[in-house]
Amino acid sequence: MRLFVIGTSLLLLFACVSKDFAEPRERGRTSKAVKKNFGYSYTDVWNSAVAVLESKSYLITQNRKDRGIIATDWISGKSDRLFSGYGDSRIPYTVRYRFTLDIQPTKSGTRVVITNKEQYLTDAVTGGFDFQGSLYHWLDTASSGNKEAQILQDLTQTLATSKN
6 MRLFVIGTSL
16 LLLFACVSKD
26 FAEPRERGRT
36 SKAVKKNFGY
46 SYTDVWNSAV
56 AVLESKSYLI
66 TQNRKDRGII
76 ATDWISGKSD
86 RLFSGYGDSR
96 IPYTVRYRFT
106 LDIQPTKSGT
116 RVVITNKEQY
126 LTDAVTGGFD
136 FQGSLYHWLD
146 TASSGNKEAQ
156 ILQDLTQTLA
166 TSKN
């Protein structure tokens, strides 16, 4: 009986060892414009950028006008690029992201460059990493550029309406 239990246990353990889990499936474009030159003064662009981020309720963690840097805290959401599921089902991954806006004066106006650090939440089994105190980890991923493009579009609209 003891031999049967040991044999069955070993069989079950070895049957479960080698499971290859797929990385999240990507859908859609993965690059969009994340910088834009504006024909407005540095102060106008700066104030409008802060207003756009605040209107979206993004917590600003760094506001250094002297260096031209605005940074946000982590923002939770759903991915517009990474999906899991079977067949045609598209279940977006939980992501978190934070923006850094680099706003610099130029000869013709002001340049805004948006950097997005995006991460997706995955578990140790799906992500293929060792368990290290937590089952879930945040892994870096590329941004689709949609969020950055939306901020630039909102900034363009805010600047246009503020000058009218």
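Last residue of the sequence shown: 169 in my numbering, with the numbers rising by one and none dropped. Even glycine gets a Cβ: it sits at the ideal position worked out from N, Cα and C.
Check, Outcome
"What is the DSSP secondary structure of residue 51, counted as helix, strand or coil?", "helix"
"Classify residue 68 as buried or exposed, calling it buried when 16 or more other Cβ atoms lie within 10 Å of its own Cβ.", "exposed"
"Apart from the five residues on each side of it in sequence, which residues of its chain come closer than 8 angstroms, Cβ to Cβ, to residue 100?", "81, 82, 83, 84, 87, 123, 124, 125, 126, 146"
"Buried or exposed for residue 75, please, with buried defined as at least 16 other CB atoms from any protein chain shown within 10 angstroms of its CB.", "buried"
"Provide the residue span of the alpha helix (DSSP H) that contains residue 76, from first to last.", "Careful: residue 76 lies outside any alpha helix (DSSP H), inside the beta strand (DSSP E) at 74-77."
"Are the CB atoms of residue 60 and residue 115 within a distance shorter than 8 angstroms?", "no"
"Give the DSSP-derived three-state secondary structure of residue 175 in the structure shown.", "The chain is shown from 6 up to 169; residue 175 falls before or after that span and cannot be answered."
"Does DSSP classify residue 178 as helix, strand or coil?", "Absent from the model: residue 178. The displayed extent of the chain is 6 to 169, so no value can be given."
"Taking 8 angstroms as the threshold (C-beta atoms), are residue 77 and residue 95 in contact?", "no"
"From residue 63 to residue 137, what does the alpha carbon distance come to, in whole angstroms?", "31 angstroms"
"For residue 158, which of helix, strand or coil comes out of DSSP?", "helix"
"Please classify residue 106: does DSSP put it in a helix, a strand, or coil?", "strand"
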